[in-house]
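Participant:
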Amino acid sequence: MSRVDLHLHSAASDGRFSPMAVVRQAAELGLRVIAITDHDSVDGVVPALAAAKALPGLKVIPGVEISTDVPQGEVHILGYFIDYNNRELQANLEGLRNSRLKRAQGMIVRLKELGVHIDWERVQQIAGSGSVGRPHIAQAMLEKGYITSLKEAFTNYIERGGPAYVEREKMTPAAAVELVLRARGLPVFAHPLTINNVETMVVELKAAGLVGIEAYYYGYTDDEITKLVRLAEKHGLIATGGSDYHGLEVGSGGIMGGVDVPLASAECLIALAEPRTPELASK
Ligand SMILES: [Zn+2]
Ligand SMILES: [Zn+2]
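With the working numbering, letter number 174 in the sequence shown gets 177, and the count goes up by one each step, no holes.
(1) I want to check one thing, is the minimum distance from the CB of Glu-217 to the heavy atoms of ligand 2 below 6 Å?
(2) What distance in whole Å lies between the Cβ atoms of Gly-66 and Ala-15, which are believed to be in contact at a cut-off of 8 Å?
(3) Pick out the complete alpha helix (DSSP H) segments inside the region 128-204, 4 residues or longer, and give them in chain order.
(4) Where Val-112 and Asn-101 are concerned, what is the direct C-alpha to C-alpha distance, given to the nearest angstrom?
(5) Sort out for me which residues DSSP pairs Pro-65 with in a bridge.
(6) Let me check one thing: in DSSP terms, what residues is Asp-1 bridge-paired to?
(7) What whole-angstrom Cβ distance do Gln-93 and Asn-199 have, given they're in contact under 8 Å?
(8) In the DSSP assignment, what residue or residues form a beta bridge with Ser-70?
(9) Would you check if the distance between the CB atom of His-12 and the CB atom of Asp-43 is smaller than 7 Å?
(10) Measuring CB atoms only, is the region 207-218 touching the region 174-192, in the sense that at least three cross pairs come out at less than 8 Å?
(11) Can you tell me where the beta strand (DSSP E) holding Ala-242 begins and where it ends?
(12) Determine the extent of the alpha helix (DSSP H) in which Ile-111 is found, giving its start and end residues.
(13) Can you tell me which of Ile-39, Val-206, Met-204, Gly-257 puts its alpha carbon nearest to the alpha carbon of Tyr-223?
(14) How about His-10 and Asp-247: are their beta carbons less than 7 Å apart?
(15) Looking only at its chain, what residues have a beta carbon closer than 8 Å to the beta carbon of Leu-275, apart from the 5 residues adjacent to it on each side?
(16) By DSSP, does Glu-217 sit in helix, in strand, or in coil?
(17) Take Glu-270 as the anchor and find which of Pro-22, Arg-35, Gln-142 has the nearest alpha-carbon.
(18) Within the same chain, show all residues whose beta-carbon is closer than 8 Å to that of Arg-103, passing over the 5 residues directly before and after it, in chain order.
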């Protein structure tokens, strides 16, 4: 069991548990440093930090995970120690969340044109307090019997390039890095193996101000981790890590604390953010 998990989702985005519950679980597991990194939202940060006040052995880093797109797929940028009250950051995150809503509504219209009638209200209900996404649309299709498996919704309708697929308004990875920096945060390239040409992206993002890459990640092999750690060293970046815990079943993240992230990696990040407060040393 690791002592560090720098990639956790709460119900502020698509995680299952409240920020408070996530923090408590982390303390029960004996974790020492965690980060709350919800998709395009910092709403979980304040309740998480409040919950952590009663838990002196646990440090909670305020974070965010910003979704961006490149032609080959999605790139996610983690922002650690962000100023979660920063107006520009909040406005941009809201824009990203709205673009998700607009996109989901657009897909429902396309589906209707294809003879698949699902209700926007139902899709929102399924998504609950989290951000509406394609899995929720697929679930609504399944309920109405248009498909027999969630996978079928993707292959026949809503996968990238599918007949009901709608592209989201985009933010580039470099723009997300810059946004995190302007909110006084530390930008880190999340689960880099979602794209093919990782090093090219690392070079581009480093030029924009990237400070780390998420090398220790749920599902990555020892080989992949070693390569990513070397890549981080080569470019003067911190190798960070986390489980991408969502509190859900397989397929969306690992178990909390399940990825062996070195404590030193969290300490490097903390030292960069708080050069004058060696907090961990006193704990
Ligand atoms: Zn991600
Ligand atoms: Zn994530």
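Every residue gets a Cβ at the ideal spot worked out from N, C-alpha and C, and that includes glycine.
Model, not experiment: these values are computed from the prediction.
Facilitator: Taking the definition as stated:
(1) no
(2) Contact doesn't hold; Cβ gap of about 11 Å is too wide.
(3) 137-146, 153-156, 176-185
(4) 17 Å
(5) Ile-39
(6) It is not possible to answer for residue 1, since the shown part of the chain is limited to 4 through 286.
(7) Gln-93 to Asn-199, Cβ: 33 Å. No contact.
(8) His-79
(9) no
(10) yes
(11) 241-245
(12) 90-116
(13) Gly-257
(14) yes
(15) Leu-189, Val-214, Ile-241
(16) strand
(17) Arg-35
(18) Asp-43, Ser-134, Val-135, Gly-136, Arg-171
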